[in-house]
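Chemist: For the sequence shown, the working numbering gives the first residue as 1024, with consecutive numbering after it. Glycine included, every Cβ here is placed at the ideal spot set by N, Cα and C.
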Amino acid sequence: MDEQNPSEFQFIKEKIKDKPIDRKKLLERVAIGCIAAAFFGAVAALSFALVLNALTPTLRTTAVSIPPDEEKTGEAEKPTESGEAAISEDSISANEDETKVVVKRITERVSLTTDDYQDLYRSMFAKAQVIDQSIVTVTGVKSDQDWFDNTFEDTNQASGLIVANNGRELLILAVNVEAKNADKLSVTFHDGSTAEATVKETDSNTGLEIIGVNMGQISKDTMERIREADLGNSASSAIAGKPVIAVGTPYGTSGSVAYGLVTTNEKNVALSDRNVHLLCTDIYGSTLATGVIADYDGEVLGIINQKMAADDMENLLTAYSISDLKELIEKLSNSKQPARLGVKGTDVTEEINEENGIPIGAYVKSIDMDSPAMNAGIQSGDVIIKIGTQGIETFNDLTNTLMKLQPEDETVVTVQRYSHGGYAEMTFEVTLDQVD
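1. Check this for me: beta carbons of V1186 and V1210, under 7 Å apart or not?
2. Which two residues bound the contiguous alpha helix (DSSP H) that contains I1352?
3. With a Cβ-Cβ cutoff of 7 Å, do G1368 and A1342 count as a contact?
4. Just the C-alpha distance for K1243 and T1437, rounded to the nearest angstrom, thanks.
5. Rounded C-beta distance between V1285 and A1269? I'm assuming under 8 Å.
6. In its own chain, which residues sit with a C-beta less than 8 Å from the C-beta of T1310, not counting the 5 before and 5 after it?
7. Strictly by DSSP, which residues pair up with T1424?
8. Which same chain residues end up closer than 6 Å to E1232 when comparing Cβ atoms and leaving out the 5 residues on each side of it in sequence?
9. Can you say whether A1086 is buried or exposed, counting buried as having 16 or more other CB atoms within 10 angstroms of its CB?
10. Please state the DSSP three-state secondary structure of P1266.
11. Is the Cβ of L1425 closer than 7 Å to any Cβ of chain D?
12. Pick from T1084, T1372 and G1278: whose alpha carbon is nearest that of V1159?
13. Just to confirm my understanding: we take I1345, look at its own chain, exclude 5 residues before and 5 after, and list those with CB closer than 7 Å. What are they?
14. Contact between the region 1397 to 1409 and the region 1425 to 1440: three or more CB pairs below 8 Å?
15. Look at the Cβ atom of G1321, then the Cβ atom of V1153, and state whether they are nearer than 7 Å.
16. Only counting the same chain, and skipping five residues up and downstream in sequence, which positions put a Cβ closer than 8 Å to that of G1414?
17. How is I1375 classed by DSSP in three states: helix, strand or coil?
18. Can you have a look at L1351 and say buried or exposed, based on whether 16 or more other CB atoms are within 10 angstroms of its CB?
Written out as structure tokens, the structure is:
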């Protein structure tokens, strides 16, 4: 057999070519895949939304509405001049004699014992306990460091008032808590249970703060033991002399209760764009008191704010009149800020108008620095008679008109300004802002 040289063998090399890509079919497959993914994603999202809506219907947020004051009917009215004239001196004398006889008979028949006094105070305390179901303790904790870099916690506590439930959160009104500066915020309810809280909105003008507690953190038992507060009418001049209860921390301790009378609601404090009446009482309390003033019907008449107490009566409990704050509480509860013009002022009454010739309207006493009013050119001494198309006759009209507007709204403010011996009408274009 012939031998062959290995180098003479030749191998056949086969080259396999890749199948050519059909770009059209590839694009079709990619498109079909994307459409399928989008479809299944939409179905999953819709299913999740339907299940969540069915299982947790209470998580939907509803707008908060605070009812305005209701006019009381059946209250004693002041006698008119004609009514007074119809009462003769003889009838007055006869009535006085009859009253003395009746009082004498009552005092002879009724002899109060210590048990009677105890029953009376038990009844008063029972009323206080009902009001206390709407009271919470708000605790703010802020971490800080000392000179040696040691960390410590600064705790601030105050009483709050349950004012609304928006379906997602329980909303609590507090004053001067400075909750927005706290690192941790919690609320303790009437039954002693505690829940974490968040700041919803604040108004540095009044010091009011709305704090929210997620409904999922509140047990069913706690919800049955607490209630939203009933906000009463504190605007009537007949409120002077009304028996009231102070609930919250009137003596600086949570759960303390005090009893007394409203002495006046005629005083007020001038704040930016609003005048708030003060509810003054004869109740001696702590200078750090917080909480509410309520009547024996369980209605809240005032929010205690000892920063507003007179210097010579700093221990007598003083409160914001609740009637002056209802619109503001509603706006803050809906996470909205009030629009700011930036003026402090008072009413021009008919008497002042007749005696001094000052036009009726909202008299501007002072202007806030860097406020929309200052930037527009409004000055102290101006009398605001119109905002937009809304006529202004009192400072309260100015407040109510601004509450219907929003920060960043543009409006025209019409004033009467004294110049050259008389008043002349001027208009200013103003862009409203909000309190920092």
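Modeler: Reading off the structure:
1. Walking along the sequence shown from the start, residue 1186 turns up at place 163. Walking along the sequence shown from the start, residue 1210 turns up at place 187. Taking 7 Å as the Cβ cut-off, V1186 and V1210 do not qualify as a contacting pair.
2. Locating residue 1352 in the sequence shown gives position 329, where the first residue counts as 1. I1352 -> alpha helix (DSSP H) spans K1349 to S1356.
3. Stepping through the sequence shown from its first residue, residue 1368 is reached at position 345. Stepping through the sequence shown from its first residue, residue 1342 is reached at position 319. No, they are not a contact pair.
4. To locate residue 1243, count along the sequence shown from 1; it is residue 220. To locate residue 1437, count along the sequence shown from 1; it is residue 414. C-alpha separation (whole angstroms): 54 Å.
5. Sequence index remark: in the sequence shown, residue 1285 carries index 262 (1-based). Sequence index remark: in the sequence shown, residue 1269 carries index 246 (1-based). With 8 Å as the limit, V1285 and A1269 do not qualify as a contact, their Cβ atoms being about 11 Å apart.
6. Locating residue 1310 in the sequence shown gives position 287, counting from the first residue. Q1329, A1332, E1337 and N1338, listed in sequence order.
7. Here the question's residue 1424 lines up with position 401 in the sequence shown. Answer is none; T1424 lacks a bridge partner.
8. In the sequence shown, counting from the first residue as 1, residue 1232 sits at position 209. Counting only Cβ-Cβ distances below 6 Å, and skipping sequence neighbours, we find A1197, V1200, A1202 and T1225.
9. Working through the sequence shown from its first residue, we reach residue 1086 at position 63. Label assigned to A1086: exposed.
10. Start at 1 with the first residue of the sequence shown, and residue 1266 comes out as number 243. DSSP places P1266 in strand when its eight states are reduced to three.
11. You won't find chain D in this structure, because it holds only one protein chain.
12. Sequence index remark: in the sequence shown, residue 1159 carries index 136 (1-based). The shortest C-alpha separation from V1159 is found at G1278.
13. Along the sequence shown, one-based indexing puts residue 1345 at 322. Excluding positions up to five away in sequence, the list reads L1254, G1255, S1257, V1323, L1324, G1325 and I1326.
14. yes
15. Translated into the one-based positions of the sequence shown, residue 1321 becomes position 298. Translated into the one-based positions of the sequence shown, residue 1153 becomes position 130. Yes, Cβ-Cβ distance for G1321 and V1153 is below 7 Å.
16. Residue 1414 sits at position 391 when you count from the first residue of the sequence shown. I1408 and D1420.
17. Along the sequence shown, one-based indexing puts residue 1375 at 352. DSSP places I1375 in helix when its eight states are reduced to three.
18. Along the sequence shown, read from residue 1 onward, the residue named residue 1351 stands at position 328. When all chains shown are included, L1351 counts as buried.
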